[in-house]
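Chemist:
Residue numbers (mature numbering (1 follows the signal peptide of the UniProt record, and there is no 0)): -32 to -1, 1 to 296.
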């Protein structure tokens, strides 16, 4: 089979991306007109140093109903998740989107390229101590709300972690670390939303984290694209289906791309390497990702976002999604 020039060009850039109450009708994520985005920094310990990482905060118009940590993928930036972040904030949530390194001589990286567990433990420490205004995450929020002119905003006590690509593995690991080390913060963690998660080539962060979380009642759901090189042949989704003993662990977008989670904020590097997101897939991803998070925060199960519900069955009937079961 002849390989096209376009496919060859994609191959050259792959490495840069991969090493309850019932509601009758689903509502699309809220528009971002009332959302305020503030760029600031957050301190994260790295071995014997402290990194001052870029961090974006997204403020909803009213009192935040919870905190969403939204983590970008490998070799990507927090700017690449702006589209989804504004949807979460438009739905009423305070969003924290930090930039985490993809390369660091001390091993302080988003994905595991040696041993990044100490660094991810330090990321977990942000959330473990989030209730302390004088600690690292609290200081970052203080700077952001000062810039935003929102002095009344306080750190929410409930959180949902959402991660794309290698960021999916990171939020799994951090959630398990919070469970084992910070009981008060664990009590406030309401769920994980995984966006085409990818396992690192090195280490067992995904498997170990899911092994620890499997026996809990924490909601964990994924929105995946078909297996291909950009998601390491669906490695993160395969792990989820193997390690989580639950009847439903999410959906696969049948014509999806790894960049669907980035939506309108993807870029030419992402689309050249991994394909251009289709509007129907981005809309489905954003509706489910925000809907699941809302249910996580509220402790509800809105029928439309799950098998058997009208919106879900419409996506299924149109061939937009496939249902992903967990282990039996």
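For glycine and all other residues, C-beta sits at the position ideal for the given N, C-alpha and C.
Let's see if you can read the secondary structure: which residues bound the alpha helix (DSSP H) around residue 94?
Modeler: Taking the first residue of the chain shown as 1, we reach residue 94 at position 126. Residue 94 -> alpha helix (DSSP H) spans 85 to 96.
Chemist: Got a sec? Which residues, its chain only, sit under 7 angstroms from residue 179 by beta carbon, not counting five neighbours each side?
Modeler: Counting from 1 along the chain shown, the entry for residue 179 is found at position 211. Only 211 meet the Cβ criterion.
Chemist: From the DSSP output, which residues share a beta bridge with residue 63?
Modeler: Stepping through the chain shown from its first residue, residue 63 is reached at position 95. Residue 63 is bridged to 26 and 36.
Chemist: Is residue 100 buried or exposed, if buried means 16 or more other CB atoms sit within 10 Å of its CB?
Modeler: In the chain shown, counting from the first residue as 1, residue 100 sits at position 132. Counting of Cβ neighbours within 10 angstroms places residue 100 among the exposed residues, the total staying below 16.
Chemist: Can you find the residues in the same chain that come closer than 7 angstroms, C-beta to C-beta, to residue 77, ignoring five residues on each side of it along the sequence?
Modeler: Residue mapping note: residue 77 aligns to position 109 of the chain shown, counting from 1. Non-local C-beta neighbours of residue 77 in its own chain, meaning closer than 7 angstroms and more than five positions away in sequence, comprise 69, 70, 71, 84 and 87, ordered along the chain.
Chemist: If you draw a straight line from the C-alpha of residue 199 to the C-alpha of residue 264, how long is it?
Modeler: Counted from its first residue, the chain shown places residue 199 at position 231. Counted from its first residue, the chain shown places residue 264 at position 296. When rounded, the distance between both Cα atoms is 26 angstroms.
Chemist: Using the Cα positions of residue 17 and residue 82, report the straight-line distance between them to the nearest angstrom.
Modeler: In the chain shown, the residue the question calls residue 17 occupies position 49. In the chain shown, the residue the question calls residue 82 occupies position 114. Going from the Cα of residue 17 to the Cα of residue 82 covers about 18 angstroms.
Chemist: Return the chain-ordered list of same chain residues with a C-beta closer than 6 angstroms to the C-beta of residue 177, the five sequence neighbours on each side being excluded.
Modeler: Here residue 177 is taken as the residue at index 209 of the chain shown, counted from 1. Here the set comprises 140, 141 and 144.
Chemist: Just grab the DSSP bridge partners of residue 157 for me.
Modeler: On the chain shown, position 189 is the one that residue 157 refers to. Answer is 127, bridged to residue 157.
Chemist: Please state if the CB of residue 54 and the CB of residue 91 are separated by a distance shorter than 7 angstroms.
Modeler: Position 123 of the chain shown holds residue 91. Position 86 of the chain shown holds residue 54. Contact: no.
Chemist: Give me whichever residues DSSP pairs with residue 5 in a beta bridge.
Modeler: Here residue 5 corresponds to residue number 37 of the chain shown, with the count starting at 1. Answer is 26.
Chemist: Taking the alpha carbon of residue 39 as the reference point, which residue from 232, 193 and 133 has its own alpha carbon closest?
Modeler: On the chain shown, residue 39 is found 71 positions in, with the first residue counted as 1. Residue nearest to residue 39 within the set 232, 193 and 133 is 133 (criterion: CA-CA distance).
Chemist: Could you spell out where the alpha helix (DSSP H) holding residue 178 opens and where it closes?
Modeler: Along the chain shown, read from residue 1 onward, the residue named residue 178 stands at position 210. Counting along the chain, residue 178 sits inside the alpha helix (DSSP H) bounded by residues 173 to 181.
Chemist: Please classify residue 202 as buried or exposed, where buried requires at least 16 other C-beta atoms within 10 Å of its C-beta.
Modeler: On the chain shown, residue 202 is found 234 positions in, with the first residue counted as 1. Buried, since its Cβ has 16 or more Cβ neighbours within 10 Å.
Chemist: Can you tell me whether DSSP reads residue 305 as helix, strand or coil?
Modeler: The first residue shown for the chain is -32 and the last is 296, placing residue 305 beyond what the model contains.
Chemist: Within the continuous beta strand (DSSP E) that includes residue 290, where are the two ends?
Modeler: What you label residue 290 is simply residue 322 of the chain shown in a count that begins at 1. Looking at the DSSP string, the run of the beta strand (DSSP E) that includes residue 290 is 289 to 292.
Chemist: From what residue to what residue does the alpha helix (DSSP H) around residue 105 run?
Modeler: Residue 105 sits at position 137 when you count from the first residue of the chain shown. That run of the alpha helix (DSSP H) goes 104 to 116.
Chemist: Taking just the CA atoms, how far does residue 152 sit from residue 93?
Modeler: Residue numbering aside, residue 93 sits at position 125 when the chain shown is read from its first letter. Residue numbering aside, residue 152 sits at position 184 when the chain shown is read from its first letter. Cα to Cα, residue 93 sits roughly 12 angstroms from residue 152.
Chemist: Give a yes or no on whether the C-beta atoms belonging to residue 62 and residue 127 are separated by under 7 angstroms.
Modeler: Residue mapping note: residue 62 aligns to position 94 of the chain shown, counting from 1. Residue mapping note: residue 127 aligns to position 159 of the chain shown, counting from 1. Residue 127 is positioned such that its CB atom lies no closer than 7 angstroms to that of residue 62.
Chemist: Taking the C-alpha atoms as reference points, what is the distance between residue 278 and residue 271?
Modeler: Here the question's residue 278 lines up with position 310 in the chain shown. Here the question's residue 271 lines up with position 303 in the chain shown. Approximately 7 angstroms, taken between the alpha carbons.
Chemist: What three-state label does DSSP hand residue 252 in the structure shown?
Modeler: In the chain shown, counting from the first residue as 1, residue 252 sits at position 284. Reduced to three states, the DSSP call for residue 252 is helix.
Chemist: What runs of the beta strand (DSSP E), each 3 residues or longer, lie entirely inside the region 187 to 241?
Modeler: 188 to 192 and 218 to 221
Chemist: Taking Cβ to Cβ, would you say residue 251 is nearer than 7 angstroms to residue 283?
Modeler: Within the chain shown, numbered from 1, the residue matching residue 251 stands at position 283. Within the chain shown, numbered from 1, the residue matching residue 283 stands at position 315. Not a contact, by the Cβ cut-off of 7 angstroms.
Chemist: Run through the DSSP bridge pairs and tell me what residue 163 is partnered with.
Modeler: Locating residue 163 in the chain shown gives position 195, where the first residue counts as 1. BP columns for residue 163 point to 132 and 191.
Chemist: Per DSSP, what kind of secondary structure is residue 31 in: helix, strand or coil?
Modeler: Here the question's residue 31 lines up with position 63 in the chain shown. Residue state, collapsed to three classes: coil.
Chemist: Excluding the 5 residues preceding and the 5 following residue 29 in the sequence, name in chain order all residues of the same chain whose CB lies nearer than 6 angstroms to its CB.
Modeler: The residue you call residue 29 lines up with position 61 of the chain shown. Hits under 6 angstroms: 2.
Chemist: Have a look at residue 174 and residue 122 and give me their C-alpha separation to the nearest angstrom.
Modeler: The count along the chain shown starts at 1 and reaches residue 174 at position 206. The count along the chain shown starts at 1 and reaches residue 122 at position 154. About 32 angstroms.
Chemist: Does the Cβ of residue 164 have 16 or more other Cβ atoms within 10 Å, making it buried, or fewer, making it exposed?
Modeler: Residue 164 sits at position 196 when you count from the first residue of the chain shown. Its Cβ being crowded by 16 or more others within 10 Å, residue 164 is buried.
Chemist: Is the distance from the Cβ of residue 181 to the Cβ of residue 218 below 7 angstroms?
Modeler: Position 213 of the chain shown, counting from 1, holds the residue named residue 181. Position 250 of the chain shown, counting from 1, holds the residue named residue 218. Result no, Cβ atoms of residue 181 and residue 218 do not sit closer than 7 angstroms.
Chemist: Taking Cβ to Cβ, would you say residue 232 is nearer than 7 angstroms to residue 51?
Modeler: Numbered from its first residue, the chain shown carries residue 232 at position 264. Numbered from its first residue, the chain shown carries residue 51 at position 83. Yes, the Cβ-Cβ distance between residue 232 and residue 51 is below 7 angstroms.
Chemist: Using the three-state DSSP reduction, which class does residue -1 fall into: helix, strand or coil?
Modeler: Walking along the chain shown from the start, residue -1 turns up at place 32. Caution is warranted here: a pLDDT of 49 is assigned to residue -1, below 50, making its placement in the model unreliable, and no coordinate value can be reported.
Chemist: Out of curiosity, what's the CA-to-CA distance linking residue 27 and residue 157?
Modeler: For the purposes of this step, residue 27 is identified with residue 59 of the chain shown, where counting begins at 1. For the purposes of this step, residue 157 is identified with residue 189 of the chain shown, where counting begins at 1. Going from the Cα of residue 27 to the Cα of residue 157 covers about 20 angstroms.
Chemist: Considering only DSSP beta bridges, list what residue 12 is partnered with.
Modeler: Within the chain shown, residue 12 is the residue found at index 44, counting from 1. BP columns for residue 12 point to 19.
Chemist: Which class does residue 280 belong to by DSSP, given the choice of helix, strand or coil?
Modeler: What you label residue 280 is simply residue 312 of the chain shown in a count that begins at 1. Correct three-state label for residue 280: helix.
Chemist: Have a look at residue 137 and residue 229 and give me their C-alpha separation to the nearest angstrom.
Modeler: What you label residue 137 is simply residue 169 of the chain shown in a count that begins at 1. What you label residue 229 is simply residue 261 of the chain shown in a count that begins at 1. Their backbone Cα atoms lie some 15 angstroms apart in a straight line.
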